[in-house]
Every structure is written in C-alpha cells, then in structure tokens.
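Colleague:
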C-alpha cells in the first residue's frame, strides 16, 4: 500500500508540510496549487525538496471549472491549463486533478465535456501529464462518479482517467459497488476522507467537516474494498478539509493522518481476508485492569478512596506506587511523578493478547512507553495515547501478574470488611480540548478497538459539552469522552466504579465523612415530576444527594466525590438494562460542581 | 415596549443570570425550567430575588411532549404538568410555555390535541396560570403557528393562547403576515431570535446558531410589525440558543441582548412610521473622518507613514497627539496612551448629525467615552464599541473643526510636494475573537448604520479566517471584519488608503526605503495563468511586490506595509467598478506575513 496526503490537510507553509509528511512516513503527496502559489520556493526547489525527502509528487490539484463551457471560455481555459502544465513540468508532477465544473459550465451535454477534456488530455500528453477527472458532489452538471466515468469513456484518451473521492461518492449516497465496473487502467487516483453524518449542504459539509478515516460515519472499509477489488493500483491518498486540522500542529496532524490510513487498510484487508497484509489483530478489551492516577502527593486521593470504602492493597515493593481496590476496581496511585496535583495518567486493559495489542498500536503509529521495571517485576507492554495518557495491556489476571508486587495491604485472598466497597470500573470519563477530539476517537478506534456510541450534547454552565462514549459492544470497557467548549478550561477526568447498591455505598461513604456534592432540592422535585418516583426512594435520593435516571430498560443511581487535582470518582449502580450515563443529570452536576468552585 | 429574555440565552447559574438581566435593563425574564432545576435556591427564593431586582417572571418554559398522545400517556402528562404547575405557583410564574409535541405524539388529529390542551388549561386555571402553546419548527404533527392557532381555537379556553417564535416561523419560510389574523387576546407571548441563512437541519440550526436580532438574515422588522399590528401587547422576549453566548460573560451578553431589542424596535417603529417611539435616526457615515492609532511611542508608525508619502500635519496644541495626512486620509497618532506597541484605538465618521448619532448610540446601550478637551478644542461626541475602540462622529469637515488644532505641520491649504500621497481611507480592517464577532456585527448595524456584505472564508496558514465586510451602500465607509480561528492569535488590524495610482505610490514608497512584504514569484505565475495579464503590467506587479485581483467590473492593485505593533497599512487602487478587497490574494498575503514572522 502506497500512502499519500494532500498538502491542504495540514497547517503551515508548503515546506513545513512536506517535512511533516516525510517525517510521518508518507510515500507521496498531492501538491495543492494554492500552497505552491503562496510558497517562496520555486517549483524546481519544491521538486528537489520532495526528492530529498523521498516523497513522490502523486498529483497536482485542483484545476477547476474547465469543461462544459462555450467556445470562447474554452479557449481561455486551455490557455489557463497550458500555464499550469508548465508549472507542473517544473515541479515534476505527472498527474493533474480536474474537478467537474461548478461555476462556469453552460453545456450539459456529456459529448461537449468529453471533447473538451479530450483536448486537455492531448495538450497534457505533450507535457507527459495524465488527467484525473473527478466528479464533485456539487458539480454543475457532473456530480456522480458514474457520469464522470461515462465522459472519460466518451473522450477515450490514454492519459485521461478518473479520480474517485470517497467524500463525493458517499456524501451523495451513491453506490460505491459500481466502481468495480470501471476499467482498472482508468482508475487514476483515489482520495479518501471520512465525515460525520450531518444534515447540511454538501459543500459546507465537505469544506469544514471532513475527517480522517475512522473518525466519521462513512463505511470506508467497504468503499476501499470496491476500489481495490476493481484493480486500483495507485496510492491511498487523504484529502481532508477540516477547520480543526488546518490549525493544529503540522507534525502531529501528519502522524494522526497516516495512522488513519494504516487503520483503514488493515480493516479493509481483514474484511476481505487478505491475511498477509494485516497488522496484528485488534484486541477488544475484556475489562479494565487498572486506572492509574499520578501526582507528587496523592494523600488526598487516598482519603477519598478510603472514604468511598476502597481497601488499601499495598505499596509496590520497588517504587513509590500504591494500590487501592474495591472488588475488581483497581486504582494505582503513582507518586513517582513530580507534578503537583493529581491526574489520570494511565489505563490498563484486560485483553487476550497483550503483546499483540501493543505491537498493533506501534504498527499503527503510537509511540511505545518505557516503564522502569526491576528484576522480577511483571512487564506490561504499553503506548502513549495522543494526549499522553499511558495505555497498558495485560492478558493475565492482575492477581497472577502485577498485583502481587504490592505488599503490606489487605490480603485480596481474605474477605474484606462488610462495609468495604466492591465493584468494577464502569467507565472512565476523559476530557479533550476540541482540537484533539477527533484524533482521540481515531486512537480509541484503531488501537483500543472501541466503537463510538452516537454523540450527545450537554448544556453546562460554561457552554455546551459534546459527549461521546466509546466502548466495547458488551460494555466491558467504556471511555466517556467530553469535548470542552473552546473558551472553557478542560473538565476534570473521572473514574466511575459500578457497585450493586449505590444507595448503601453512599450511606457508608457519608458515614465515613465523604464530602458529597450538594444537589439542589429543585432537582428532586423535577425527578418526581418526570418519573413519579416511589416516595421512599425519592426521599433516600434527596437525603443522600444521589442522582437518578431512567429509560425504557432500567434505572441509574449515582454520585460524585469532590474533585482532587484534575480527577474525581463516581459511584454508579445500573438497575435492569439501563445502558446510559445519566446524561440528563449532567447539567445539574456540572452546575453543582461550579457552585462549589470546582 | 416591555423587554424580556429567556435565561437560557445566558451563561452561568440562575442567580447570576437574573442579576445580569436586571443590570442590563430588562423588564422581565423567561425562567428556563432546567436553570431552576440546577439552582440551589428554592422557587420562593428566586421569586423574591426577581421581586427585589424588579424583574417580572413573564414565562416558565418549556413544558414538552404533552399533547397528541394516547390516554395512558396523557394521564401521566397531566401528572407531570400538575407537578410543574406547583413549582410555578411557588415561583409566582403566571404563564407556562407548552411546545408542540416532538417525541411522543401518536395522534395527529387536531381535535385530540385541542381536547388535551383544553384539559391542561383547565388544570392550569386552578393555579391561575395561562398556557401559551408554541409550534416548534420540528414538531411531530404541529410545526406551523397557523396549525397551533387552529388547535387553540378548537380548544377554546380563556387561559389558552399561542406563543409565536420568530425562529420557528421564519426558519420554515412560513408567511408571518397571517399573524395579523389571530385574535390579539390569544397572542399570549412573543419570542424573538435572528439566525444566519444556513442550509442545515432546522433543529441543529435552532440549537446552535440562533442570533440576537440584527445579527442574522431574518427580516425581523417585518415580522415584528405583523405581531404588533395584530395587537400583541406582551413583552418582546429574546430566546436565543447559541454556542457562543452560552460561553461568554453573562453581563456583557445581557447588555448585547438588550441592545438588539432596542435596535429592532426602533427599526420596526421607523418602518411603520411610529414617530413618537423612535430613537434618534441612524446616521449612515458619509466618509471616514480620521483613524486613530495609539501607543506609547509611535515613531515607527510615523516612519511608515512618511515612507508611504503621508504628509506631517502637525502636533496638537495641547496633547501628545500628532496628525498625518494623505489627501483626505487622516491618521492621528496618540501617544497619551502609555501601552507599548501600536493599536487601532479610534475611528471618526463623517455624518450629517454627529450629536444625534452619539445620542442614538447611547440610547441603544453603548457607553459614551470621555475625551479630555481644553478650552477652545473642538468636541467630538463618541462612544466605546464593544471591543473598546472609540467611535467618534463629526458633522463638519475636519479642516473646519478639529484639524486646525494641529500646529507646525504642512499647511493643508498649500500644495503638497508632487510625490506626496493623496487618497482617502478605503476601508479599515478589524479583527475579532470568534466569541465577539456577532456582538460587533450588531454594534456596527445598530449604531454605525452599516450593512453586512455576504461573509466569506479565507484559508490562512493558521486556519480559516471568516471575513465579513460591513459598509454603507455607496462604499463611503467600510469595515472589513475578520474572525480569527479559536486557536490562532488575533490578526493585526490595518488601515487601507485608496489612491489613484497604486503602482506609482509603490514605486515612490520603495524609493523612500519602505520595506515591502515580499510576494512569492509563484504568485505572479498564477496571476498570469488566471488572467493572462499584459506582460508590462505583470512585470511591474512582480517588480514592486504588488497584489492584483480582477472581477467582471474592474481590477484591484494593492500592497501592504510591515506590521508595527498591532497595525499596518495597505495602499489600494480600484480600477473600473471593482468593489471587492482582493480576497483571492489574502492567503498569499497571510502566508507572506507569516514567513516574515509577523
């Protein structure tokens, strides 16, 4: 698989973009005309730079509003084309992208477009250039790849073929299976972009909201299967216009981009059974092995855990690390980190093949993390997520692998005190600034093998919070991702522990002096209005400052600890088949946290 | 005119919102149920606070998904309603907003909706509450105010009427003139919101992109005329859901909001000739009197002006202020300001009635600015724009008003040296962070009497820049507004001076040693490809680093000085009827400024 990316996907000047593409490992690039026009380097200098960086110039793009015009405009368009062909010759580019006419076409007949494109192809042939004709989703007369292919067949020139762009095909709902009916010698180029499902005009959708493969709602594995099965032999090239990527660090975006291509090709190969081409297989988590909180002094986190009913699980025999547990929920407090406060620093996942999961992550492009270990310590393979959180995988039970390294705590083999909390990690709530959200979605998809639930939006006192849960189908591992409004600080992260009886857990925690988040009385009046709750349950909820939600399948009772540093804890109980996260109560919780100055 | 605003328009907690509404001068509020639910204050406390602040609780909202349901659900909906009516009684709210059913309606018959709403009205009557029924644009069966009115007529209860929301009427393209056919006693409530013209699903459009009146594309003056002529006697109430306003400072947004209502009512009164109700009439600028740059030490700005060919116009006789001019373009350098750097601090507009323009601005809600003047100095009335820029108005020529206070410069009565620059201010380019953009549009509309050109977007090296020009119809005053991407710093502001011969101006400036922004050679190759320019003109453009654009009406030649502090200058020439701003060259200019580290 050859990889390529359009320079328009990245921020900065052309030279910076090319360096970033090469550093990320791309084989080639599409040079955007506007990027070259704004560059101080001559086409010859750009060509030499690409040579030195080992980047092939796969395409020069776009040439617009060419075909389907009257004779006078056609003559001027050929003159424009000749000038750009001269630039391409200096650049050493061998293929020009011609987009279907949006603005100036007045002749709908395919024969006219074919004749004009044929003349362009003949002119290009003199420069050794191929023409790849692309149907834009909003083209004046040509807005469907099948129509572009018909025109290319009519024109019948050896150096005229078509460019297929996943966005233009899938945004219009056109059937991609017919790509397999196209002569493979005429499939000149392939551009890939994903996008969220949105009901808006297709031009704005394309210009602002394209995403890298794996981040949106398009079925790109099926799409790519059709293109490869059709016999396409060119590069897989990303063309993603997105307001976010245009602003973010060019090297980071390029790394992010190539990860999306590797993931897509892997998924496509897996779908089609192309065994020899796959990465190590994805390892969907079977559970959360541990959650790690780091900071210089975590004694106040320890106090919260103790008040919640967590049991001290011991000190690590060789490091400044402590373990707390509540049944199968394990929290590691790591004081090797000298940063003040407390932050969610790591997540451990239970998988079938930990080494394979880590290999896959590195193959896709995540940097491995190094963790100092001493003789006899159990080694967990891991990588850094884009936001720096360390991800570890374990294919053995904690009690038989790393947990025995912790000494001096309650023996997990014996029975804990009756009031001890017993649970598992239900979900971990992580927050991202808006410009890092899509990258995190791709990481969670490609390396953690999690799937996206539909996104929702919650009104907080500082603006709307976009929330998206990524999870395994069975719910064994769930990450609730929050996207903060641009002007608001990041929301703190939190760890939700699921127990059998949240009301009892709350009562016990209160008895141990846990300061509860005070929930307004109005909230309970509203609960009663909405659900007509049993007065005794309502009384207990009100008394213990518990939050409640209900859907057709069951109900949800939960409460929050205060925030320490940048983390806090939530205790949740799921009754019946309730599968949500209490989103309806989130505005109340956010307002209550804000009222407490958190 | 009574003014009101829904608490959902503002950020923060309910108590903060109420204080901000009162401080901005609103007469009343719509209490959003969710705001009350999240508040720690009881309904009685909120009622007492509103009393103390002098705010009427005009409406309690929303009550959702009530009508058009089966019998079992109807019974539960009545139970829900009774609980909310009890809350309203504690709150002292006398009107409940019922939105047309979106989620649970299964009975499309208007008779069913009417019977169920009638029963609700009867229940509400026991609490002394009126029900205002509103057709949401995305209601399941009722999505048109005329259908809501039909149902209200069928139900025929004294305390059941309708609520009209401009968004739900205008977003669907429904004819607002039929509002005049509604019984005025049944027009219970009016909600006002503007919105940009957008092609997207109406629910997302409503939830994220509503704007205050005067900021969007709806014809709200005609809309409001129909409502008032229909005999509506309630308050004008704003209900604007917008991702930006939810995040910005609550007091600033409330001030911004009431300005929009005052402007709208003024325009509506003017449209209908309700003379006694109007503010002072708008004063569209006839030209730009001066531009003021402030800073501690402006000698480097002075050097730029001198190199451009501006003529020194003298020192102010009593202040640390200097005047430079180029024909009718006057730049005031104000060193009374002790902030380092240089910033665009003020704009003077030529109008027919300066005192009236300033009175109108203050009536709408802009704070007047105080400028220290000495005996005999000419006084210019002025106000502060939302971003702090000082706006002044002058109804007399500069030479007969403030300009004679400047001494020791070239006598404006005598002929300047042949190479001196002569021009006028063509436009001023101002930049806003994204969260202040809409507020600036409203200020420019309501107090400067400028109109919006369609917005455009320019790809810059740090992300897309949204650009919108606001101007008088004749172009005598133009503000080009740029909206920076959230993660990018504000673009510097600049002052564009229009001359008759930009090529000669550039040659003269270069001879005086002005450092030009270096434009890439590739740009000129592209100009030639696009326009097939006369080789001599192309050669001059390339030699002098000039930018060029052409449209159907004429052409545009321009160049930029370096940036000093946060300002720079542009010299422009308009040939023929060219009326744009060279937007096609902006990416090249932005990239060139970035390459120079600006």
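Chains as they are written, first to last, in the numbering used here: chain A, 108 to 705; chain B, 108 to 705. Cβ coordinates follow ideal geometry from the N, Cα and C atoms, glycine included.
#1: Just list the beta strand (DSSP E) runs in the region 336-384 of chain B, keeping only unbroken ones of 3 residues or longer that don't cross its boundaries, in chain order.
#2: Per DSSP, residue 399 of chain A forms a beta bridge with which residues?
#3: For residue 493 of chain B, would you say it is in contact with chain D, using Cβ-to-Cβ distances shorter than 7 Å as the test?
#4: Alpha carbon to alpha carbon, how far is residue 663 of chain A from residue 575 of chain A?
#5: Indicate whether at least one CB of chain A lies closer than 7 Å to the CB of residue 669 of chain B.
#6: Please name the residue, chosen from B:198, B:171, B:112 and B:602, that lies closest to residue 358 of chain B on a Cα-to-Cα basis.
#7: Tell me, to the nearest whole angstrom, how far the beta carbon of residue 302 of chain A is from that of residue 324 of chain A; I am working on the premise that it is less than 8 Å.
#8: What residue range does the beta strand (DSSP E) around residue 169 of chain B cover?
#9: Which residues in chain B have a C-beta closer than 8 Å to the C-beta of residue 149 of chain A? List them in chain order.
#10: Label residue 483 of chain B either buried or exposed according to how many other C-beta atoms from any shown protein chain fall within 10 Å of its C-beta, with 16 as the threshold for buried.
#11: Please go through the same chain and pick out, in chain order, the residues whose beta-carbon is closer than 6 Å to the beta-carbon of residue 649 of chain A, but skip the five residues on each side of it.
#12: What does residue 490 of chain A touch in chain B if you count any residue whose Cβ is under 9 Å from its own?
#13: At the level of alpha carbons, what is the spacing between residue 386 of chain A and residue 366 of chain A?
#14: Near residue 550 of chain A, which residues of its chain fall below 6 Å by C-beta distance, leaving aside the five closest residues on each side in sequence?
#15: What residues of chain A sit near residue 191 of chain B, judged by a beta carbon separation below 7 Å?
#16: Using a Cβ cut-off of 8 Å, pull out every chain B residue sitting near residue 698 of chain A, in sequence order please.
#17: Counting contacts by CB-CB distance shorter than 7 Å, is residue 610 of chain B in contact with chain A?
#18: Please state the DSSP three-state secondary structure of residue 531 of chain A.
#19: Taking C-beta pairs closer than 9 Å, name the residues in chain B that residue 639 of chain A reaches, listed in chain order.
#20: Just by C-beta distance, which residues in the region 192-203 of chain B are closer than 7 Å to chain A?
#21: Quick one: is residue 694 of chain A near chain B, going by C-beta distance under 7 Å?
#22: Cβ of residue 710 of chain B within 7 Å of Cβ of residue 577 of chain B?
#23: Taking 7 Å as the CB-CB limit, is residue 272 of chain B close to chain A?
#24: Rounded to whole angstroms, what's the CA-CA distance from residue 166 of chain A to residue 127 of chain A? Just pull it up for me.
#25: Going straight from the alpha carbon of residue 389 of chain A to that of residue 508 of chain A, what length do you get?
#26: Are at least three pairs of beta-carbons, each pair with one atom in the region 259-267 of chain A and one in the region 223-236 of chain A, less than 8 Å apart?
#27: So the candidates are A:498, A:440 and A:472; which of them puts its Cα closest to the Cα of residue 461 of chain A?
#28: Going straight from the alpha carbon of residue 526 of chain A to that of residue 621 of chain A, what length do you get?
#29: DSSP beta-bridge partners for residue 184 of chain A?
#30: At least one CB of chain B closer than 7 Å to the CB of residue 633 of chain A: is that the case?
#31: Between residue 175 of chain B and residue 220 of chain B, which are expected to be in contact by the criterion C-beta below 8 Å, what is the C-beta distance as a whole number of angstroms?
#32: Under the rule that 16 or more other beta-carbon atoms within 10 Å means buried, what is residue 700 of chain A, buried or exposed?
#33: Listing by chain order, which chain B residues have their CB less than 9 Å from the CB of residue 473 of chain A?
#34: Is it the case that the region 329-346 of chain B contacts the region 283-302 of chain B, given that we only count it when at least three CB pairs across the two stretches are under 8 Å?
#35: If you compare alpha carbons, which of A:151, A:168, A:647 and A:156 is closest to residue 142 of chain A?
#36: Since residue 602 of chain A is in the beta strand (DSSP E), which residue starts that stretch and which ends it?
Modeller: Quick answer:
#1: Runs found: 343-345.
#2: Answer is A:439 and A:453, bridged to residue 399 of chain A.
#3: Of the protein chains in this structure, namely A and B, none is chain D.
#4: Per the coordinates, the alpha-carbon of residue 663 of chain A lies some 18 Å from the alpha-carbon of residue 575 of chain A.
#5: Output row for residue 669 of chain B: interface = no.
#6: Answer by Cα proximity: B:112.
#7: Indeed they touch by this definition, with Cβ atoms about 7 Å apart.
#8: Looking at the DSSP string, the run of the beta strand (DSSP E) that includes residue 169 of chain B is 163-170.
#9: Within 8 Å Cβ-Cβ: 628 and 629.
#10: Under the 10 Å beta carbon count, residue 483 of chain B is surrounded by fewer than 16 other beta carbons and is classified as exposed.
#11: In its chain, beyond the 5 residues on either side, 631 have a beta carbon closer than 6 Å to the beta carbon of residue 649 of chain A.
#12: What residue 490 of chain A touches in chain B: nothing, since even the nearest Cβ is about 26 Å away.
#13: Each residue's CA atom was taken as its position, placing residue 386 of chain A and residue 366 of chain A some 12 Å apart.
#14: Contacts found: 492 and 493.
#15: Chain order gives the chain A residues near residue 191 of chain B as 636, where near means a beta carbon separation below 7 Å.
#16: Those within 8 Å of residue 698 of chain A in chain B are 120, 145 and 146.
#17: Residue-level contact check: residue 610 of chain B does not touch chain A, since none of the beta carbons of chain A fall below 7 Å from its beta carbon.
#18: In this structure, residue 531 of chain A counts as strand in the three-state DSSP scheme.
#19: Residues of chain B passing the Cβ test: 183, 186, 187 and 190.
#20: Going along the region 192-203 of chain B in chain order, one finds 194 with a Cβ nearer than 7 Å to chain A.
#21: Chain B contact via Cβ: present.
#22: Past the edges of chain B, shown from 108 to 705, lies residue 710 of chain B, and the structure says nothing about it.
#23: By this cut-off, residue 272 of chain B is not an interface position.
#24: One C-alpha to the other measures close to 18 Å.
#25: Distance between the alpha carbons of residue 389 of chain A and residue 508 of chain A: 22 Å.
#26: Touching, yes, given that three or more Cβ pairs across the two stretches are closer than 8 Å.
#27: When each option's Cα is compared against that of residue 461 of chain A, the closest is A:498.
#28: Looking at the two C-alpha atoms, the distance is approximately 14 Å.
#29: Beta bridge pairing from DSSP links residue 184 of chain A with no other residue.
#30: Chain B, which has a Cβ nearer than 7 Å to the Cβ of residue 633 of chain A, makes this yes.
#31: Beta-carbon to beta-carbon, residue 175 of chain B and residue 220 of chain B are separated by about 5 Å, close enough to satisfy the 8 Å threshold.
#32: The residue is buried, with at least 16 neighbouring Cβ atoms inside 10 Å.
#33: Within 9 Å Cβ-Cβ: nothing; residue 473 of chain A doesn't reach chain B, min ~24 Å.
#34: Contact holds: three or more Cβ-Cβ distances are below 8 Å.
#35: Answer by Cα proximity: A:168.
#36: Annotation for residue 602 of chain A: the continuous beta strand (DSSP E) segment containing it runs 600-606.
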